[in-house]
Amino acid sequence: MTSQIHEDKEVSSLGDVFTESSSTTPTTYDPLFKGSALFKGHRSEVMDATFIPGTRLLVTCSTDKSIRVWDFDTGKQVGEPLLGHDHGVCAVAASSNGRWIVSGAKNGGILVWEIATKKTLPVSFKGHEGSVWSIVFAPNGETFASASNDLTVCVWKRETGEIVLGGPLKLDNAAFSVSYSPDGTKLAAGTETHIFIWSAETGEKLLKIEQRAWRVAFTPDGLRLVSGNFKDIRISDATTGDIIKRFDAHTANSLFSLAIAPNGTKIATTSYDKTMRLFDLTTFELIGEPLEHPGAALGVAFSEDSQLIATGCFDNHVRSWTVPLSESERELQQQETISDLPSPDDGLPPRFGDVDTNFPLRPSNHGVPQRSTPRSRIRGLVNRLSFRRQSQQAHPSAARLHHLNKVAQFLQQHLAFRRSLPSLGQPPVINVTAGRGTERVISVSVPEGP
């Protein structure tokens, strides 16, 4: 972690007129996270954030009773703040079609906004008697769910304001968070003592997990449930509730929110310990260092492409970063750059020993062509075979593994033999001739020494 003074962009809104200024602010950053920016406009802590699907627009809400829309590329606030709540706004969400925003406030008030007009629907959403801490659209955009500390979760029809599923879903404790499964068939909520999962179509309770959860969210494949509790993160089976993984994310009793990258590779968490932290959802390892904030880090959101992240802070500002690759993503990238090997039935690749027309070399990162030599080509194939063996699926065919093992063993033995020889000044001659069917016959001739 490094601390330095750098210039942040400040954006203020006066109606539709924008003025930009610069402020010198001490900021702690991690070099893995690039393009840090600061959006200023809210007058109180920023409680929640969400990106509008299909756009580069970020929506934030605050206890200053406002909702603001930001152009993520320019850092400018788009138009005037959206005003309509009588109390601080705690939660905000956008529909999957990018047409609607829904917001929930401390007094239980809920408003639905049409993004194109920035006007609220003339519909009353009456039902909650306490703060709305979390709100989320169903994937179809026709209904949305809200969680409140009045011990209820409500599912609403967007067009009419009607509470469906036979009325509020009653709980034994305050509800802090709510999440739909990606296919819209399940609804989960986190409370002081339990996680509940219902059928989103009937309201039938499917699962009750004895676990406190301040935040809860389904993974994009719908198979796992990620929950945050005090300082730790738990990954559970979304069908059985069994805990798959548990790890500490923050200091004691401090987690505020979490978000899962749409591509399912990362978890972002925010905390009263003044940090945002990013974790690999495959290895559960921390990615980079915690990103420090001047105050408690509150709302957090990923962009639709999972490449950007935004956080709201107790200091009234919004921060953004470019998301770095996780270690598992880097390994996947390396795997994708390796061309597929032939199947066992194809034998060794044709032209394997052809000096002039062997496997084309990929350009290096520096754009400098590398010279092809027989030894380098053999070593490259060995590496590819070894990598391929390590990255086989859980149940590869025995024939394929036998094929790869035999070829790699032969090449490795040849390289070991070559390393034991003195420099002869001439390269080995590798001949490949056709055998019967798809067989290939390989012969290696090493020039004799003087």
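In the numbering used here, the protein residues as written are 470 to 919.
Just so it is clear, CB atoms sit at the ideal spot from N, CA and C, and this is done for glycine as well.
Item to check | Cβ pair residue 696, residue 659 closer than 8 Å | outcome: Residue 696 sits at position 227 when you count from the first residue of the sequence shown. Residue 659 sits at position 190 when you count from the first residue of the sequence shown. Yes, Cβ-Cβ distance for residue 696 and residue 659 is below 8 Å.
Next on the checklist: Buried or exposed, going by whether 16 or more other CB atoms sit within 10 Å of the CB of residue 634?
Outcome noted: Against the sequence shown, residue 634 aligns to sequence position 165. With 16 or more other Cβ atoms within 10 Å, it is buried.
Next on the checklist: Short of 6 Å in beta carbon distance, which residues of its chain neighbour residue 571, apart from the five on each side in sequence? Order them along the chain.
Outcome noted: To locate residue 571, count along the sequence shown from 1; it is residue 102. Hits under 6 Å: 562, 581, 604, 613.
Checklist entry - Can you tell which of 527, 657, 790 has its C-alpha closest to the C-alpha of residue 545? => result As a position in the sequence shown, residue 545 is number 76, starting the count at 1. Considering only alpha carbons, the answer is 527.
Checklist entry - Are the segment 726-740 and the segment 763-778 in contact at 8 Å, needing three or more beta carbon pairs? => result yes
Checklist entry - Which residues mark the beginning and the end of the beta strand (DSSP E) in which residue 683 is found? => result Here residue 683 refers to the residue found at position 214 of the sequence shown. Taken as a continuous stretch (DSSP letters only), residue 683 belongs to no beta strand (DSSP E), as it is neither H nor E.
Item to check | Of the listed residues 750, 786, 606, nearest to residue 796 (C-alpha basis) | outcome: Here residue 796 is taken as the residue at index 327 of the sequence shown, counted from 1. Nearest C-alpha to residue 796: 750.
Checklist entry - With burial defined as no fewer than 16 other Cβ atoms inside 10 Å of the residue's Cβ, what is the status of residue 728: buried or exposed? => result Position 259 of the sequence shown, counting from 1, holds the residue named residue 728. Residue 728 comes out buried.
Checklist entry - Going by C-alpha distance, which of 522, 642, 672 is nearest residue 662? => result Start at 1 with the first residue of the sequence shown, and residue 662 comes out as number 193. The shortest Cα separation from residue 662 among 522, 642, 672 belongs to 642.
Checklist entry - Is residue 564 helix, strand or coil when you go by DSSP? => result By 1-based counting over the sequence shown, the position of residue 564 is 95. It is coil, neither helix nor strand.
Next on the checklist: DSSP has residue 717 in a bridge; who is on the other side?
Outcome noted: Here residue 717 refers to the residue found at position 248 of the sequence shown. Partner(s): 701.
Next on the checklist: Report the CB separation of residue 585 from residue 554 in whole angstroms; it is logged as a contact under 8 Å.
Outcome noted: For the purposes of this step, residue 585 is taken as the residue at position 116 of the sequence shown. For the purposes of this step, residue 554 is taken as the residue at position 85 of the sequence shown. So it is not a contact: roughly 20 Å between Cβ atoms.
Checklist entry - Once you ignore the five residues that flank residue 682 on each side, which residues in its own chain have a CB closer than 6 Å to its CB? => result Here the question's residue 682 lines up with position 213 in the sequence shown. Taken in chain order, the residues that qualify are 659, 664, 696, 698.
Checklist entry - Going by alpha carbons, who is nearest to residue 520 out of 510, 549, 550, 567? => result Reading the sequence shown from its first residue, position 51 is the one you call residue 520. Nearest C-alpha to residue 520: 567.
Next on the checklist: With distance defined between alpha-carbon atoms, name the residue in 802, 781, 791, 793 nearest to residue 560.
Outcome noted: As a first step, residue 560 must be located in the sequence shown, where it is residue number 91. Looking at the Cα atoms, 781 is the closest of the given residues.
Checklist entry - Starting from residue 792 and walking both ways along the beta strand (DSSP E), at which residues does that stretch end? => result What you label residue 792 is simply residue 323 of the sequence shown in a count that begins at 1. Segment: none, residue 792 is in no beta strand (DSSP E) and carries neither H nor E.
Checklist entry - In whole angstroms, what is the alpha-carbon distance linking residue 828 and residue 754? => result Here the question's residue 828 lines up with position 359 in the sequence shown. Here the question's residue 754 lines up with position 285 in the sequence shown. Unreliable positioning characterises residue 828 in this predicted model, as indicated by a pLDDT of 34, which lies under 50. The coordinate reading is nonetheless provided below. Their backbone Cα atoms lie some 37 Å apart in a straight line.
Checklist entry - Where does residue 923 sit, in a helix, a strand or coil, going by DSSP? => result Here the chain covers residues 470 to 919 and nothing more, so residue 923 does not appear.
Checklist entry - What is the DSSP secondary structure of residue 746, counted as helix, strand or coil? => result Here residue 746 refers to the residue found at position 277 of the sequence shown. Note: residue 746 maps to strand in three-state DSSP.
Next on the checklist: Just checking residue 573 against the ligand MN - is the residue's beta carbon closer than 7 Å to any of the ligand's heavy atoms?
Outcome noted: Questions concerning the ligand MN fall outside what the structure shown contains, since it holds no ligand whatsoever.
Checklist entry - Expressed to the nearest angstrom, what Euclidean distance is found between the alpha-carbon atoms of residue 507 and residue 674? => result Working through the sequence shown from its first residue, we reach residue 507 at position 38. Working through the sequence shown from its first residue, we reach residue 674 at position 205. Roughly 43 Å between the two C-alpha positions.
Item to check | Residues bridged to residue 582 [DSSP beta-bridge criterion] | outcome: Residue numbering aside, residue 582 sits at position 113 when the sequence shown is read from its first letter. Paired residues: 570, 589.
Item to check | CA nearest to the CA of residue 536, picked from 588, 524, 542, 597 | outcome: Here residue 536 is taken as the residue at index 67 of the sequence shown, counted from 1. Among 588, 524, 542, 597, the Cα nearest to that of residue 536 is on 588.
Checklist entry - Are there 16 or more other CB atoms within 10 angstroms of the CB of residue 686, so buried, or fewer, so exposed? => result Along the sequence shown, one-based indexing puts residue 686 at 217. Counting Cβ neighbours within 10 Å, residue 686 comes out buried, since at least 16 surround it.
Checklist entry - Where residue 513 and residue 644 are concerned, what is the direct C-alpha to C-alpha distance, given to the nearest angstrom? => result For the purposes of this step, residue 513 is identified with residue 44 of the sequence shown, where counting begins at 1. For the purposes of this step, residue 644 is identified with residue 175 of the sequence shown, where counting begins at 1. One C-alpha to the other measures close to 24 Å.
Item to check | Range covered by the beta strand (DSSP E) that runs through residue 726 | outcome: Within the sequence shown, residue 726 is the residue found at index 257, counting from 1. Unbroken beta strand (DSSP E) run through residue 726: 724-729.
Checklist entry - Measuring CA to CA, which of 765, 804, 794, 776 is closest to residue 786? => result Your numbering for residue 786 matches position 317 in the sequence shown. Of the candidates 765, 804, 794, 776, the one whose C-alpha sits nearest the C-alpha of residue 786 is 765.
Checklist entry - Using DSSP with H/G/I as helix, E/B as strand and the rest coil, what is residue 452? => result With the chain covering only 470 through 919, there is no way to say anything about residue 452.
Item to check | Other residues of its chain near residue 852: CB distance less than 8 Å, five sequence neighbours each side excluded | outcome: The sequence position of residue 852 within the sequence shown is 383, counting from 1. Low per-residue confidence applies at residue 852: pLDDT is 47, beneath 50, and the placement is therefore not dependable enough to give any value.
Item to check | residue 591 classed as buried or exposed, judged by whether at least 16 other C-beta atoms fall within 10 angstroms | outcome: For the purposes of this step, residue 591 is taken as residue 122 along the sequence shown, with counting starting at 1. When all chains shown are included, residue 591 counts as exposed.
Checklist entry - Among residues of its own chain, excluding the 5 on either side of residue 723, which ones have a beta-carbon nearer than 8 Å to its beta-carbon? => result As a position in the sequence shown, residue 723 is number 254, starting the count at 1. These residues qualify, in order along the chain: 699, 700, 740, 741, 742.
Checklist entry - Are residue 579 and residue 601 touching if we call contact CB-CB under 8 Å? => result On the sequence shown, position 110 is the one that residue 579 refers to. On the sequence shown, position 132 is the one that residue 601 refers to. Yes.
Checklist entry - Ends of the beta strand (DSSP E) at residue 741? => result Within the sequence shown, residue 741 is the residue found at index 272, counting from 1. Careful: residue 741 lies outside any beta strand (DSSP E) and carries neither H nor E.
Checklist entry - Ends of the beta strand (DSSP E) at residue 616? => result Along the sequence shown, read from residue 1 onward, the residue named residue 616 stands at position 147. Element bounds for residue 616: 612-617.
Checklist entry - By DSSP, does residue 800 sit in helix, in strand, or in coil? => result Within the sequence shown, residue 800 is the residue found at index 331, counting from 1. Looking at residue 800 - three-state DSSP - the assignment turns out to be helix.
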